[in-house]
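To keep things clear, I will list the structure first and then write my remarks on it.
Laid out in structure tokens, this is it:
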């Protein structure tokens with residue numbers, strides 16, 4: 004993603020995962036939304052799951068854009084709801100999924116692009132949240148549709164280390180982006196949530212991945228704190244305008 008944005012000579016870059024397919028009219032809808040919101044930095048479509056079952060089976064909304072929970076989790080709207088039951092989503096979200104994104108190149112470069120230290124999982128939420136903290140806007144265009152033909156979870160070496168990256172990157176994002184007051188006020192709930200995640204990893208036989216995530220965070224703490232100082236000095240939007248407490252969607 005960073006390579007595509009950096010190498011492009013165009014003001015806007017459309018990022019699309021290899022397992023995602025835009026429906027007809029998707030780009031036109033994104034551009035219409037851009038016309039209504041010319042200051043937007045990112046435009047995000049609605050992500051759909053392909054139909055499973057025979058004729059008449061309901062098409063599912065995999066997710067719309069959403070917000071970031073104070074626990075560091077993305078809360079994506081309308082997750083796995085039939086499209087005819089989907090509620091009107093937020094049009095100015097704080098978080099979006101990088102399955103498909105239309106990105107303003109100069110704003111992405113100015114913000115430092117996607118954080119390559121995150122590698123996998125939550126890198127899209129961190130990128131969007133960082134843009135919002137810097138005063139940039141994310142716009143959701145639910146009439147723009149992208150079909151996500153996702154492979155079954157668990158395939159590939161990165162999926163095998165899912166617990167490691169989910170644990171590490173959640174804390175990396177919070178330590179880098181959240182205000183000190185937010186971290187202090189939510190710390191008891193953060194620790195409780197982490198204990199529950201650790202118990203789940205233990206049941207799945209993935210406890211070593213979780214412990215490895217904590218070790219990696221300690222190892223990279225100087226890097227995280229350096230990035231934190233840079234961002235906090237430049238931020239324009241406080242956490243109270245970015246974070247929520249909606250039901251977790253994962």
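Numbering (my numbering), first residue to last: 4 to 253.
All C-beta atoms, glycine included, are put in the ideal place defined by N, C-alpha and C.
Open item on the list: Using a Cβ-Cβ cutoff of less than 8 Å, which residues in the same chain neighbour residue 250 once the five nearest sequence positions on both sides are dropped?
Closed with: Translated into positions along the chain shown, residue 250 becomes position 247. So the qualifying residues of the chain are 78.
Task: Three-way DSSP call (helix, strand, coil) for residue 207 in this model - done: Here residue 207 refers to the residue found at position 204 when the chain shown is read from its first residue. In the structure shown, residue 207 sits in coil (DSSP, three-state: anything other than H, G, I, E or B).
Open item on the list: On the DSSP letters alone, give me the boundaries of the beta strand (DSSP E) that residue 225 sits inside.
Closed with: Here residue 225 refers to the residue found at position 222 when the chain shown is read from its first residue. Premise fails: residue 225 lies in the alpha helix (DSSP H), 224 to 237, not in any beta strand (DSSP E).
TODO: Give the range of the alpha helix (DSSP H) segment to which residue 2 is assigned.
DONE: No statement about residue 2 is possible, as the shown extent of the chain runs from 4 to 253 and does not include it.
TODO: Have a look at residue 128 and residue 141 and give me their C-alpha separation to the nearest angstrom.
DONE: Position 125 of the chain shown, counted from the start, is the residue given in the question as residue 128. Position 138 of the chain shown, counted from the start, is the residue given in the question as residue 141. The alpha-carbon atoms of residue 128 and residue 141 are separated by roughly 12 Å.
Open item on the list: Run through the DSSP bridge pairs and tell me what residue 150 is partnered with.
Closed with: On the chain shown, residue 150 is found 147 positions in, with the first residue counted as 1. Residue 150 pairs with 24 and 51.
TODO: Just the C-alpha distance for residue 107 and residue 43, rounded to the nearest angstrom, thanks.
DONE: As a first step, residue 107 must be located in the chain shown, where it is residue number 104. As a first step, residue 43 must be located in the chain shown, where it is residue number 40. Those two C-alpha atoms are separated by around 8 Å.
Task: 7 Å CB neighbourhood of residue 121 in its chain, flanking five on each side removed - done: Residue numbering aside, residue 121 sits at position 118 when the chain shown is read from its first letter. Only 129, 172 and 175 meet the Cβ criterion.
TODO: Within 10 angstroms of the Cβ of residue 54, are there 16 or more other Cβ atoms? Answer buried if so, exposed if not.
DONE: Residue mapping note: residue 54 aligns to position 51 of the chain shown, counting from 1. Exposed.
TODO: Measure from the alpha carbon of residue 36 to the alpha carbon of each residue in 48, 25, 27 and 26, then state which is nearest.
DONE: For this step, residue 36 is matched to residue 33 along the chain shown. The shortest Cα separation from residue 36 among 48, 25, 27 and 26 belongs to 48.
Open item on the list: Let me make sure I understand the geometry here. Which of 74, 104, 28 and 214 has the alpha-carbon closest to that of residue 248?
Closed with: Along the chain shown, read from residue 1 onward, the residue named residue 248 stands at position 245. The shortest Cα separation from residue 248 among 74, 104, 28 and 214 belongs to 74.
Task: For residue 206 and residue 52, the rounded distance between their alpha carbons - done: By one-based count along the chain shown, residue 52 stands at place 49. By one-based count along the chain shown, residue 206 stands at place 203. If I take the Cα positions, the gap works out to 29 Å.
Task: N-terminal and C-terminal residue of the beta strand (DSSP E) that residue 71 is part of - done: Walking along the chain shown from the start, residue 71 turns up at place 68. Run containing residue 71: 69 to 72, per the beta strand (DSSP E) assignment.
Task: Beta-carbon proximity of residue 94 to residue 145, cut-off 9 Å - done: What you label residue 94 is simply residue 91 of the chain shown in a count that begins at 1. What you label residue 145 is simply residue 142 of the chain shown in a count that begins at 1. Yes.
Task: Per-residue DSSP class, three states only, for residue 248 - done: Here the question's residue 248 lines up with position 245 in the chain shown. Residue state, collapsed to three classes: coil.
TODO: State whether the stretch 188 to 208 contacts the stretch 62 to 76, with contact taken as three or more CB pairs (one from each stretch) at a distance under 8 Å.
DONE: yes
- [ ] Report all residues from its chain with a CB closer than 6 Å to the CB of residue 157; omit the five preceding and five following residues, and keep chain order.
- [x] Locating residue 157 in the chain shown gives position 154, where the first residue counts as 1. Model confidence at residue 157 stands at a pLDDT of 47, short of 50, so the residue's coordinates are unreliable; what they give is reported in the following sentence. Result list for residue 157: empty, nothing under 6 Å.
TODO: Please report how far the alpha carbon of residue 133 lies from the alpha carbon of residue 114, in whole angstroms.
DONE: In the chain shown, counting from the first residue as 1, residue 133 sits at position 130. In the chain shown, counting from the first residue as 1, residue 114 sits at position 111. Their Cα atoms are separated by approximately 7 Å.
Open item on the list: Would residue 242 and residue 167 be called neighbours here (beta carbons separated by less than 9 Å)?
Closed with: Reading the chain shown from its first residue, position 239 is the one you call residue 242. Reading the chain shown from its first residue, position 164 is the one you call residue 167. No.
Task: Neighbourhood of residue 223 by C-beta distance below 8 Å, restricted to the same chain and skipping five residues each side - done: Within the chain shown, residue 223 is the residue found at index 220, counting from 1. So the qualifying residues of the chain are 120 and 175.
Open item on the list: Between 148, 147 and 201, which has its C-alpha nearest residue 169's C-alpha?
Closed with: As a first step, residue 169 is located in the chain shown; it is residue number 166 there, counting from the start. Residue 169 has its Cα closest to that of 201, out of 148, 147 and 201.
TODO: Note down the Cα distance separating residue 10 from residue 20, rounded to an integer number of angstroms.
DONE: To locate residue 10, count along the chain shown from 1; it is residue 7. To locate residue 20, count along the chain shown from 1; it is residue 17. So the alpha carbons of these two residues sit roughly 18 Å apart.
Open item on the list: For a test of the three-state rule: what should DSSP assign to residue 332, helix, strand or coil?
Closed with: The first residue shown for the chain is 4 and the last is 253, placing residue 332 beyond what the model contains.
Task: Best match in 12, 13, 63 and 30 for proximity to residue 152 [C-alpha to C-alpha] - done: Taking the chain shown and counting its residues from 1, the one referred to as residue 152 is at position 149. For residue 152, the nearest C-alpha among the options comes from 63.
Task: Between the CA atoms of residue 5 and residue 116 - distance to the nearest angstrom - done: For this step, residue 116 is matched to residue 113 along the chain shown. For this step, residue 5 is matched to residue 2 along the chain shown. Spanning the two alpha carbons is a distance of roughly 6 Å.
- [ ] Report yes if the C-beta distance between residue 46 and residue 147 is below 9 Å; otherwise report no.
- [x] As a position in the chain shown, residue 46 is number 43, starting the count at 1. As a position in the chain shown, residue 147 is number 144, starting the count at 1. In contact: residue 46 and residue 147 (Cβ atoms closer than 9 Å).
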